[in-house]
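Asker: Quick one: this structure, given as structure tokens, is what I'll be asking you about.
Residue numbers (the UniProt record's numbering): 1 to 844.
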């Protein structure tokens with residue numbers, strides 16, 4: 001069964017080649033032991049277990065279990081106990097990404113396994129099982145079946161007459177080409193849009209290629225398969241996909257609201273529109289009404305005008321998706337349903353001024369979404385009430401992702417509480433980005449204002465946090481506290497923790513819930529890897545006797561955690577009369593061995609601590625900071641360079657009560673490229689990070705000059721960092737602080753040049769072992785030649801030119817180089833004097 005992953009071009013697990021007029025397909029499947037981690041999505045709101053067709057989608061529901069022997073999802077309360085069941089995602093076997101926690105591979109080795117195919121259903125293909133955990137088989141396809149460049153087959157594995165279901169539907173489909181050459185094999189997915197999904201018991205495979213594809217040309221295919229009893233079924237030629245397909249989806253819609261009278265120009269961005277629209281007719285529906293006057297611009301943009309909303313239910317307009325349909329008279333068609341929802345609005349309830357969201361606030365939300373996010377701004381109540389309103393973020397691939405629920409009614413004119421949108425890891429993960437610490441654009445969509453505007457904040461201020469994971473717990477008998485262990489626990493934003501325990505005093509309960517007691521935590525402390533809870537009642541004896549407990553955090557997170565020290569399952573049969581007498585020398589060996597283990601553990605802990613202490617992470621507060629406190633003792637800057645990258649930098653002092661000493665710099669080009677950097681040069685783009693003043697702005701070459709430099713927020717940058725200053729390319733030595741934002745240093749110019757002047761900016765550099773910040777001044781310092789000889793010196797242009805990637809000149813200060821420079825300069829000055837004297841003699 002496959003790890004939940006998006007389709008990636010030029011990644012193939014199926015190989016083919018030509019042999020004696022036959023096409024041979026080689027398919028390899030592996031199942032091995034490995035820890036599994038996956039981020040899943042629930043495709044349907046229907047919670048019926050029987051609707052889930054894969055192990056991952058089944059076990060994401062706590063009420064369901066996956067039968068490995070029957071390959072189907074069943075209700076947990078109706079299933080008899082069996083060792084071949086998966087009740088959680090971690091127990092689902094994997095295809096390619098390996099995992100076998102419940103012995104499913106051993107079960108397959110003892111089962112009758114063969115392969116079936118849609119092209120020749122009666123054929124049973126033998127599967128070879130190897131000692132290294134591989135299932136291998138080959139498929140031969142006669143060329144008589146080919147009347148087009150390629151053919152796609154539905155292939156599945158059967159064991160004991162049960163179909164083996166892969167979590168990634170595309171792994172059931174193999175495309176075989178009528179010709180074999182390297183160009184076709186490497187280019188077969190270019191100029192194509194592909195999607196595979198399961199719905200209503202069917203496996204669906206959709207692939208449309210442009211005529212630019214060198215292997216297939218214009219190719220349109222949509223396949224639906226169910227089981228071996230209904231293997232190849234065409235219900236119709238129209239595919240219907242939601243926004244779960246990475247290569248075929250509605251990426252953005254703007255605006256997301258308009259008057260019920262129609263006339264709103266809507267811009268829709270569709271991924272791979274240029275492939276889908278080739279020789280096709282396009283129709284668009286917005287919230288159930290036709291969108292007319294269609295026009296296409298660029299490769300992925302459609303613009304149309306909404307029609308008046310027709311009130312068929314005698315109610316108010318409701319939210320509705322955008323449906324984009326591509327069809328032709330030849331029968332091939334696809335309809336794409338957007339995740340974005342459009343709202344036809346009734347008469348406006350207010351006018352200007354419109355609400356404004358603070359652009360410099362830092363929002364945080366878990367990747368799974370639906371966590372509380374405080375939003376600040378102005379005009380949330382007066383003159384309008386910002387309801388309904390929804391928070392959204394803009395993903396690196398351009399998709400706008402909305403929260404699943406509306407914000408609460410504003411608390412006041414400047415504050416409201418919203419829910420965070422879901423940010424799927426599969427959308428974010430690529431070779432140039434990492435999910436943890438990712439900062440996204442965010443905005444607030446408000447429905448009922450004049451103009452029906454969608455309020456969008458341009459800037460990186462929404463931090464994506466990994467979902468916390470609770471693994472196990474331990475009870476501290478001396479204090480009665482419970483410690484929960486896991487990962488990313490400092491990402492939790494709520495100290496409301498409820499523990500569900502069995503009620504030992506309850507008898508004759510009407511249901512399981514009546515036999516349980518819920519305990520809260522009166523004091524909670526968080527760290528990255530554990531939570532300490534002090535229960536409001538004593539639960540030591542009850543918690544110690546449990547093998548696992550149910551823990552609920554806030555109103556959206558629920559975990560079942562195991563006891564680190566579970567009670568023994570068997571009584572201790574070795575009573576006092578059965579004590580074993582250990583000799584003295586053996587006791588000494590045990591003591592020595594134990595001491596060695598303790599020393600090794602202490603060394604390991606110290607190394608681990610040092611490693612974590614040196615790791616730079618985006619700081620997230622363990623509690624909700626008071627308004628304004630998060631911006632104390634910190635410096636922030638955002639700017640855009642000519643290369644198209646938007647930059648965001650934020651540095652904290654240890655005096656900041658929310659973050660502590662922390663720093664990060666990220667930049668994004670708006671086209672899916674998101675990078676981190678530990679080296680940064682800032683010129684004159686920032687008000688919080690800049691050289692404010694330099695005095696003086698000139699000095700002689702042959703004399704030392706004391707320079708005073710004022711840097712905004714210098715105290716924050718200098719904390720735990722080395723300070724280096726260059727003035728017009730020369731080292732400014734003996735630097736020291738003469739005030740909170742003031743640096744004084746001495747220029748002792750080198751004698752590399754003899755010029756009228758040497759000019760350049762001031763570079764103030766703050767560096768540590770893992771980061772470097774360089775601030776370049778807008779002020780220009782001039783080093784001039786102090787002409788004491790009364791003669792004309794050479795007029796040489798010595799203005800420093802700084803390349804974009806380099807701002808540092810290194811000078812050798814050893815005795816030899818100093819002597820050479822002194823000697824060269826002296827000889828040059830003597831030469832000038834001699835020339836002058838010669839000229840005077842000639843005139844006489």
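All C-beta atoms, glycine included, are put in the ideal place defined by N, C-alpha and C. Computed from a predicted model, the values in this text were never measured in an experiment.
1) Just confirm the distance between the C-beta atoms of residue 67 and residue 76, as a whole number of angstroms; I'd bet it's less than 8 Å.
2) DSSP has residue 71 in a bridge; who is on the other side?
3) Would you say residue 776 and residue 683 are within 7 Å of each other, going by their C-beta atoms?
4) Can you tell me whether DSSP reads residue 59 as helix, strand or coil?
5) Using CA coordinates, which residue listed in 376, 64, 746 and 90 is at the minimum distance from residue 48?
6) Candidates 687, 159 and 424: which alpha carbon is nearest residue 891's?
7) Among 485, 709 and 540, which has the Cα closest to the Cα of residue 502?
8) I'd like the span of the beta strand (DSSP E) that includes residue 525, first residue to last.
9) Going by the beta-carbon positions, is the gap between residue 258 and residue 307 smaller than 7 Å?
10) Determine the extent of the beta strand (DSSP E) in which residue 193 is found, giving its start and end residues.
11) Whole angstroms is fine: what's the gap from residue 773's alpha carbon to residue 651's?
12) Three-state secondary structure (DSSP) at residue 159?
13) Kindly give me the distance between the Cβ atoms of residue 155 and residue 164, rounded to whole angstroms, as I take these residues to be in contact under 8 Å.
14) Using the C-alpha atoms, what's the distance from residue 368 back to residue 402?
15) Compare the C-alpha of residue 159 against each of 462, 250, 107 and 379 and name the closest.
16) Counting only the same chain and skipping the five closest in sequence on each side, list residues whose C-beta sits under 8 Å from that of residue 162.
17) Please say whether residue 688 and residue 635 have beta carbons closer to each other than 7 Å?
18) Throw me the rounded Cβ distance for the residue 222 and residue 206 pair, which I believe falls under 8 Å.
19) Taking all protein chains shown into account, decide if residue 123 is buried (16 or more other Cβ within 10 angstroms of its Cβ) or exposed.
20) Can you check whether the CB of residue 648 is closer than 7 Å to the CB of residue 379?
21) Please report how far the alpha carbon of residue 846 lies from the alpha carbon of residue 481, in whole angstroms.
22) Could I get the ranges of all uninterrupted alpha helix (DSSP H) runs contained in the region 702-778, with 4 residues as the minimum, in chain order?
23) Can you tell which of 242, 492, 301 and 50 has its C-alpha closest to the C-alpha of residue 524?
24) Between 217, 338 and 218, which has its C-alpha nearest residue 245's C-alpha?
25) If you compare alpha carbons, which of 557, 462, 250 and 520 is closest to residue 361?
26) Figure out for me which residue from 376, 126 and 103 has the closest Cα to the Cα of residue 112.
27) Please identify the residue among 408, 109 and 550 whose C-alpha is closest to the C-alpha of residue 471.
28) Considering residue 541, what are the terminal residues of the alpha helix (DSSP H) in which it resides?
29) By how many angstroms is the C-alpha of residue 725 removed from the C-alpha of residue 779?
30) Buried or exposed: residue 564, going by 16 or more other Cβ atoms within 10 Å of its Cβ?
31) What do you reckon, are the CB atoms on residue 661 and residue 680 nearer than 7 Å?
32) What span of residues does the beta strand (DSSP E) with residue 274 cover, start to end?
33) Decide if residue 248 is buried, meaning its Cβ has at least 16 other Cβ atoms within 10 Å, or exposed.
34) To the nearest angstrom, how far is the alpha carbon of residue 406 from that of residue 392?
Answerer: From the atom records:
1) Cβ atoms of residue 67 and residue 76 stay farther apart than 8 Å, at about 11 Å.
2) For residue 71, DSSP records no beta bridge to any residue.
3) Yes, these two residues count as a Cβ contact at 7 Å.
4) In the structure shown, residue 59 sits in a helix (DSSP, three-state: H, G or I).
5) The shortest C-alpha separation from residue 48 is found at 64.
6) As displayed, the chain neither begins before 1 nor continues past 844, which places residue 891 out of reach and without an answer.
7) Checked all of 485, 709 and 540; the closest Cα to residue 502 is 540.
8) For residue 525, the enclosing beta strand (DSSP E) stretches over residues 516-526.
9) No; because the gap between Cβ atoms is not below 7 Å, this pair is not in contact.
10) Going by DSSP, residue 193 is part of the beta strand (DSSP E) stretching over 192-199.
11) When rounded, the separation of the alpha-carbon atoms in residue 773 and residue 651 is 10 Å.
12) Residue 159 falls in the strand class under three-state DSSP.
13) The C-beta separation of residue 155 from residue 164 comes to about 11 Å, leaving the pair out of contact by the 8 Å criterion.
14) Computed Cα separation, rounded: 12 Å.
15) Considering only alpha carbons, the answer is 107.
16) Hits under 8 Å: 69, 70 and 71.
17) The Cβ-Cβ distance between residue 635 and residue 688 falls below 7 Å.
18) Taking a contact as a CB-CB distance under 8 Å, the pair residue 222 and residue 206 counts as one, their CB atoms being some 5 Å apart.
19) Residue 123 should be labelled exposed.
20) Contact flag unset, no.
21) Lying outside 1 to 844, the shown extent of the chain, residue 846 is not represented and no answer is given.
22) Scanning the region 702-778 for uninterrupted alpha helix (DSSP H) segments of 4 residues or longer gives 714-718, listed from N- to C-terminal end.
23) Ranking the options by Cα distance to residue 524, first place goes to 492.
24) Among 217, 338 and 218, the Cα nearest to that of residue 245 belongs to 338.
25) It is 462.
26) The shortest C-alpha separation from residue 112 is found at 126.
27) Nearest to residue 471 by alpha-carbon distance, out of 408, 109 and 550, is 550.
28) In this chain, the alpha helix (DSSP H) harbouring residue 541 covers 540-544.
29) For residue 779 and residue 725, the distance between alpha carbons rounds to 14 Å.
30) Result: exposed.
31) No, Cβ-Cβ distance for residue 661 and residue 680 is not below 7 Å.
32) DSSP places residue 274 in no beta strand (DSSP E) but in the uninterrupted alpha helix (DSSP H) bounded by 273-276.
33) The residue in question, residue 248, is buried, as its Cβ has 16 or more Cβ neighbours within 10 Å.
34) Between the alpha carbons of residue 406 and residue 392 lies a distance of about 10 Å.
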